[in-house]
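I have placed the structure first, in the form of structure tokens, so that the comments after it can refer back to it.
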Amino acid sequence: MPAYVIVQVDIFDNEKYDEYKKLTPDTVKAHGGKFVLRGSPVEVLEGEWDHNRLVMLEFPDKESARNWYYSKEYQKAKEIRSSGSSAKFILIEG
8 MPAYVIVQVD IFDNEKYDEY KKLTPDTVKA HGGKFVLRGS PVEVLEGEWD HNRLVMLEFP
68 DKESARNWYY SKEYQKAKEI RSSGSSAKFI LIEG
């Protein structure tokens with residue numbers, strides 16, 4: 008069953024985040040994943056939303072998503088992301 012990683016991001020250093028965006032696609036692809044959306048800015052239709060960016064990734068299954076998130080390659084990118092933004096990641100089956 009497909010699994011989705013949904014990420015809320017607040018960017019405070021665009022240069023660092025741009026560096027992260029260059030590194031991440033290859034790590035996602037290496038684990039069978041793909042970007043479903045990368046949106047900025049987000050338009051709120053109802054309720055409250057105070058994040059700069061929304062990202063959704065699709066993986067073949069939860070195991071692939073977890074393997075990506077905890078991979079050595081992504082951890083390097085994650086360090087860079089953490090220095091330029093804050094984020095919340097959730098994993099859900101579709």
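Add 7 to a position in the sequence shown, counting from 1, and you land on the number used in my numbering.
Glycine included, each C-beta is placed from N, C-alpha and C at the ideal position.
On the DSSP letters alone, give me the boundaries of the beta strand (DSSP E) that residue i sits inside.
i, result
"L61", "R60 to F66"
"D17", "A10 to I18"
Taking the Cβ atom as the reference point for each residue, do residue i and residue j lie within a distance shorter than 9 Å?
i, j, result
"D17", "R60", "yes"
"V62", "W56", "no"
"Y27", "A72", "no"
For my contact list, residue i and residue j are in at a C-beta cut-off of 8 Å; report their separation, rounded to the angstrom.
i, j, result
"L64", "V12", "4 Å"
"G91", "D33", "Between D33 and G91 the Cβ distance is about 19 Å, and since that is not below 8 Å, they are no contact."
Output the distance between the C-alpha atoms of residue i and residue j, rounded to the nearest integer angstrom.
i, j, result
"Y76", "Q82", "7 Å"
"K41", "A94", "19 Å"
"T31", "E22", "15 Å"
Let's see if you can read the secondary structure: which residues bound the alpha helix (DSSP H) around residue i?
i, result
"Y77", "Element bounds for Y77: n/a, residue is neither H nor E."
"L52", "Unbroken run through L52: none, as it is neither H nor E."
"D33", "N21 to A37"
Which residue from the options puts its Cα closest to that of residue i?
i, options, result
"F96", "P9, Q15, E55 and W56", "Q15"
"D68", "K29, Y27 and G39", "G39"
"H37", "E86, N74 and R88", "The residue you asked about is not His; residue 37 is Ala in the sequence shown. Of E86, N74 and R88, the residue nearest in Cα terms is N74."
"E10", "I87, S89 and E70", "One point to set straight first is that residue 10 is Ala, not Glu, in the sequence displayed. Nearest of I87, S89 and E70 to A10, Cα basis: E70."
"V35", "K79, E100, I99 and S89", "K79"
"M8", "V51, F66 and G54", "F66"
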